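Working notes, beginning with the structure itself.
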Amino acid sequence: MLCGSCQKIWARIDSGLPCDKQTSEPSLFEYAQQPNTWTGSHHTSDGSFVSAVQDNCYICTTIERDCTRELRKQAALFRTFYQLQSTDNPDQDGRRYDLDFTVEILRGQPPIPQRHVFDCSGIFKILPKQGMFLIRIIWWLKLIERVAISVPMNPLPITKNTFSTACEKLVRRWLEDCCKCHKHCTQRFDTTKSSRKQLLTGYPTRILNISAARGEKFSLELSENLSKLPEYVTLSHCWNRSMPLKLETGNIDELKAGMPLSKLSKRFQDAVKIARWMGIDYIWIDALCIIQNSKSDWVLEASRMGEIYSNSYCNIAATSSEENKGCFTDRPRELVEPCAVSDPLSDDPEKTHILGYNDFWCNSLLDTALHNRGWVIQERLLSPRTIHFGQEQIFWECREIKACEAYPEGIPEAFCDWRTRAWGRLDEALIENGKYSKGTMAQQHPSFLQRLCAWLKGTTMPMSATTAPSPGLPTAYEFWSRTVERYMECKLTYQQDKLVAISGIARKIQEATGERYLAGLWDNSSLAPSLLWYVLGRRQADSTASVRYRSVEDDCRAPSWSWASMEAKIVWHWPVGCESVLIKISGKEVNTTVGTELTGVASAKLHIEGHLSEAKLRIAGHDQDGYATEDGCYALQLKSQATSSQQITELEPAVFLDTPLLPDHCVDVHLLPVCTGWNGLTGDIDTQLSGLVLKKVTCRFEAKYERIGIFGLDQTQAYLLYGLGSEKTNDFNEYITNLERSVITIV
Numbered sequence: 001m002l003c004g005s006c007q008k009i010w011a012r013i014d015s016g017l018p019c020d021k022q023t024s025e026p027s028l029f030e031y032a033q034q035p036n037t038w039t040g041s042h043h044t045s046d047g048s049f050v051s052a053v054q055d056n057c058y059i060c061t062t063i064e065r066d067c068t069r070e071l072r073k074q075a076a077l078f079r080t081f082y083q084l085q086s087t088d089n090p091d092q093d094g095r096r097y098d099l100d101f102t103v104e105i106l107r108g109q110p111p112i113p114q115r116h117v118f119d120c121s122g123i124f125k126i127l128p129k130q131g132m133f134l135i136r137i138i139w140w141l142k143l144i145e146r147v148a149i150s151v152p153m154n155p156l157p158i159t160k161n162t163f164s165t166a167c168e169k170l171v172r173r174w175l176e177d178c179c180k181c182h183k184h185c186t187q188r189f190d191t192t193k194s195s196r197k198q199l200l201t202g203y204p205t206r207i208l209n210i211s212a213a214r215g216e217k218f219s220l221e222l223s224e225n226l227s228k229l230p231e232y233v234t235l236s237h238c239w240n241r242s243m244p245l246k247l248e249t250g251n252i253d254e255l256k257a258g259m260p261l262s263k264l265s266k267r268f269q270d271a272v273k274i275a276r277w278m279g280i281d282y283i284w285i286d287a288l289c290i291i292q293n294s295k296s297d298w299v300l301e302a303s304r305m306g307e308i309y310s311n312s313y314c315n316i317a318a319t320s321s322e323e324n325k326g327c328f329t330d331r332p333r334e335l336v337e338p339c340a341v342s343d344p345l346s347d348d349p350e351k352t353h354i355l356g357y358n359d360f361w362c363n364s365l366l367d368t369a370l371h372n373r374g375w376v377i378q379e380r381l382l383s384p385r386t387i388h389f390g391q392e393q394i395f396w397e398c399r400e401i402k403a404c405e406a407y408p409e410g411i412p413e414a415f416c417d418w419r420t421r422a423w424g425r426l427d428e429a430l431i432e433n434g435k436y437s438k439g440t441m442a443q444q445h446p447s448f449l450q451r452l453c454a455w456l457k458g459t460t461m462p463m464s465a466t467t468a469p470s471p472g473l474p475t476a477y478e479f480w481s482r483t484v485e486r487y488m489e490c491k492l493t494y495q496q497d498k499l500v501a502i503s504g505i506a507r508k509i510q511e512a513t514g515e516r517y518l519a520g521l522w523d524n525s526s527l528a529p530s531l532l533w534y535v536l537g538r539r540q541a542d543s544t545a546s547v548r549y550r551s552v553e554d555d556c557r558a559p560s561w562s563w564a565s566m567e568a569k570i571v572w573h574w575p576v577g578c579e580s581v582l583i584k585i586s587g588k589e590v591n592t593t594v595g596t597e598l599t600g601v602a603s604a605k606l607h608i609e610g611h612l613s614e615a616k617l618r619i620a621g622h623d624q625d626g627y628a629t630e631d632g633c634y635a636l637q638l639k640s641q642a643t644s645s646q647q648i649t650e651l652e653p654a655v656f657l658d659t660p661l662l663p664d665h666c667v668d669v670h671l672l673p674v675c676t677g678w679n680g681l682t683g684d685i686d687t688q689l690s691g692l693v694l695k696k697v698t699c700r701f702e703a704k705y706e707r708i709g710i711f712g713l714d715q716t717q718a719y720l721l722y723g724l725g726s727e728k729t730n731d732f733n734e735y736i737t738n739l740e741r742s743v744i745t746i747v
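The UniProt record's numbering numbers the first residue of the sequence shown as 1 and each following residue consecutively.
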């Protein structure tokens with residue numbers, strides 16, 4: 001349903017007026033008058049927007065969901081404005097429209113209220129129904145082309161709760177179609193081609209028997225005791241420290257003997273019901289299949305997590321709610337069913353158009369707590385298919401299709417934004433007939449690389465004709481860096497899991513390249529420039545200050561030169577071009593315990609030969625009272641290397657610190673140039689010289705340093721650093737290469 005304000009927008013088309021001149025729309029976002037465009041105010045009176053949300057208006061509820069949690073708390077102050085634009089195409093049947101919204105929040109009292117303005121991240125699309133019908137026909141023809149056994153899915157009635165017979169039927173139909181018709185999704189756990197010992201290495205050590213024949217009981221079983229290794233499903237969920245039942249050394253025998261399902265949390269009980277919908281008798285849940293108070297068992301099983309999800313029949317994603325509410329949810333039907341509207345330029349009262357949001361998938365799934373959980377990145381990437389139990393409806397995702405209750409044959413392309421399309425490029429992600437041969441990934445699997453690169457790029461930037469990967473250019477390292485960027489935006493319950501929670505993907509990359517893993521980086525010819533990842537604004541994804549991890553036991557989670565040492569939102573443009581590398585990495589010491597090569601680090605060092613420059617780094621920005629304010633502007637005070645007069649030179653380069661410098665406003669640092677002509681910084685920053693900002697660590701036996709950030713100098717600053725002033729050398733690269741060098745250790 002639509003509220004009165006939304007219905008008036010649609011009716012404006014019939015008026016023929018291109019712009020509402022009577023609107024109270026502020027000049028801050030007045031739209032320029034354009035042909036076939038209607039603009040105006042939407043909700044401008046106090047509380048009217050919230051009332052529309054409470055009445056389940058499709059548009060207003062979607063706008064509210066598009067906002068962050070903090071913004072939602074201020075919804076009563078929302079003033080909304082719209083732009084409706086015709087997007088008719090002569091080659092298409094029926095009229096089409098795009099609908100954009102801008103939100104204004106006014107705080108304080110006139111005459112100078114505080115104003116906060118933002119645009120919705122997505123666009124509402126209004127499409128003719130016949131276009132939707134065409135999508136269904138094309139989908140059906142593709143099915144016939146693959147295997148002529150499936151029938152198109154007529155939408156089932158939307159029930160009040162997702163725990164219903166209709167939802168069960170839909171899940172079964174999705175699974176049947178995927179297993180029979182999708183060639184990229186049909187890789188199954190093959191129990192015929194390998195020895196039992198080999199099979200067990202890719203199978204969970206323990207698994208829960210939830211067969212319907214057991215009624216309201218379940219039991220824990222050791223896989224090695226099963227006569228045949230059965231298919232199983234997995235569960236992705238937000239970890240809850242207070243869940244009523246976990247596997248521990250003290251109750252393992254009790255779980256093996258069998259326990260009532262009622263002992264499980266509501267979410268786990270619901271997951272059992274869903275598995276039974278699928279006709280699967282076994283489920284793997286981390287909290288119940290890994291001994292939670294045994295560090296050795298956790299280390300072993302966590303290292304196998306990638307294989308566990310890769311070999312599952314299906315993954316259940318408990319996206320919908322808090323722990324005590326389970327997987328199923330009540331929902332207003334009017335927010336699930338496609339929103340139908342009539343054509344205002346037609347006398348036909350029939351509702352001939354469908355209204356949808358092009359950020360639909362992300363708005364419903366990707367911005368939820370579950371999908372901002374670090375472990376879910378690899379769980380979702382590696383599983384052959386996932387069923388998401390969302391807040392309003394059930395979503396289906398496999399390597400060939402994304403669908404939901406509202407659009408069971410597939411979400412229309414028009415309702416997919418760049419993030420949604422990027423997630424959809426998973427059809428052969430990380431699996432190519434179940435095996436890799438060592439060597440260059442670009443040569444072995446070019447089509448796989450292009451698809452995976454598109455997905456990984458899509459998690460951080462829009463895809464376009466100019467950003468689409470070219471054949472032969474994509475590499476495993478670019479995929480890895482993009483995955484890490486997305487992963488670092490997510491949260492972990494236990495911070496020491498930083499490396500293990502992405503180890504499944506790391507293993508796939510290692511199998512493809514045959515290269516040594518270095519605490520999140522790779523031992524190859526481009527290791528030096530790969531050290532130049534950086535933290536954006538000294539912040540985490542939730543805008544809190546970035547921190548470098550230190551555990552209670554003072555363990556080494558990761559060395560300072562690895563992104564895994566940070567809790568931060570990072571940028572890692574790697575590999576990118578550079579003119580020349582200025583350092584030599586003479587030694588790499590990464591010590592791990594047995595079985596934790598990809599999941600943990602005991603100690604790590606890089607021995608590097610390069611030229612160091614001493615400097616003082618201070619905050620350059622000040623507030624109105626003269627106090628230092630860390631706004632990203634820093635100054636370097638250094639001694640010129642080319643003069644004997646100990647002249648002090650001050651530069652204001654591009655500096656990206658890993659953590660905030662305050663409360664200290666000045667610190668002694670060492671600059672280690674890594675490369676020239678590096679293109680890895682965001683924006684229009686032109687860098688002649690880039691490298692690491694290091695801080696010396698007190699050590700009796702060797703010169704040890706910790707990384708605290710990176711720097712970028714333009715040509716003038718680079719010349720000043722080495723006392724060249726305005727003098728121009730014929731070959732700066734040769735000049736800097738011939739400078740005095742020393743061997744240092746970065747920990």
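Even for Gly, the Cβ is constructed at its ideal location relative to N, Cα and C.
Note that this is a predicted model, so its numbers are computed, not measured.
| Query | Result |
| --- | --- |
| Distance, K169 Cα to T544 Cα | 44 Å |
| A403 and K498 closer than 8 Å at C-beta | no |
| C-alpha gap between L681 and S525, whole angstroms | 20 Å |
| W561, buried or exposed, once every other Cβ within 10 Å from all chains shown has been counted against 16 | buried |
| Touch test, the region 366 to 379 against the region 500 to 510, Cβ-Cβ under 8 Å, three pairs minimum | yes |
| Inter-residue Cα distance where the pair is C416 and R385 | 19 Å |
| Bridge-paired residues (DSSP) for A628 | H622 |
| Closest residue to V341 among T329, D330, L355 (Cα-Cα distance) | L355 |
| Proximity below 8 Å, CB of L518 to CB of G610 | no |
| From Y494, N240, N311, residue whose alpha carbon lies closest to that of Y549 | Y494 |
| Under 8 Å between C-beta atoms of I570 and L527 | no |
| Cβ pair S86, R79 closer than 8 Å | no |
| Collapsed DSSP secondary structure at E70 in the structure displayed | helix |
| Start-to-end residues for the beta strand (DSSP E) that takes in I308 | No beta strand (DSSP E) contains I308, which is instead part of the alpha helix (DSSP H) from 305 to 310. |
| F163 versus R172 - alpha carbon distance | 14 Å |
| Whether V655 touches Y634 by CB criterion (8 Å) | yes |
| Cβ separation of W522 and W572, assumed to be a contact under 8 Å, to the nearest whole Å | Not a contact, Cβ separation roughly 12 Å. |
| Three-state secondary structure assigned by DSSP to E579 | coil |
| For H371, the three-state DSSP class (helix, strand or coil) | helix |
| Stretch-stretch touch, CB-based, cutoff 8 Å, three pairs: the region 247 to 261 with the region 300 to 316 | no |
| K8, DSSP secondary structure in three states | helix |
| Rounded straight-line distance, which links the Cα of V693 to that of E734 | 22 Å |
| W533, DSSP secondary structure in three states | coil |
| G326 in three-state terms, based on DSSP | coil |
| Secondary structure of G688, DSSP reduced to three states | Contrary to the premise, residue 688 reads as Gln rather than Gly in this sequence. DSSP places Q688 in coil when its eight states are reduced to three. |
| Cβ neighbours of E104 in the same chain (closer than 6 Å, five flanking residues each side left out) | R79, V117 |
| Status (buried if at least 16 other CB within 10 Å, exposed otherwise) for N738 | exposed |
| 8 Å Cβ cutoff met for W38 and I63 | no |
| Beta-carbon proximity check, S546 vs A564, cutoff 8 Å | no |
| Element boundaries [alpha helix (DSSP H), containing A736] | One point to set straight first is that residue 736 is Ile, not Ala, in the sequence displayed. I736 -> alpha helix (DSSP H) spans 732 to 737. |
| Per-residue burial, Y627 [other beta carbons within 10 Å of its own, 16 or more giving buried] | exposed |
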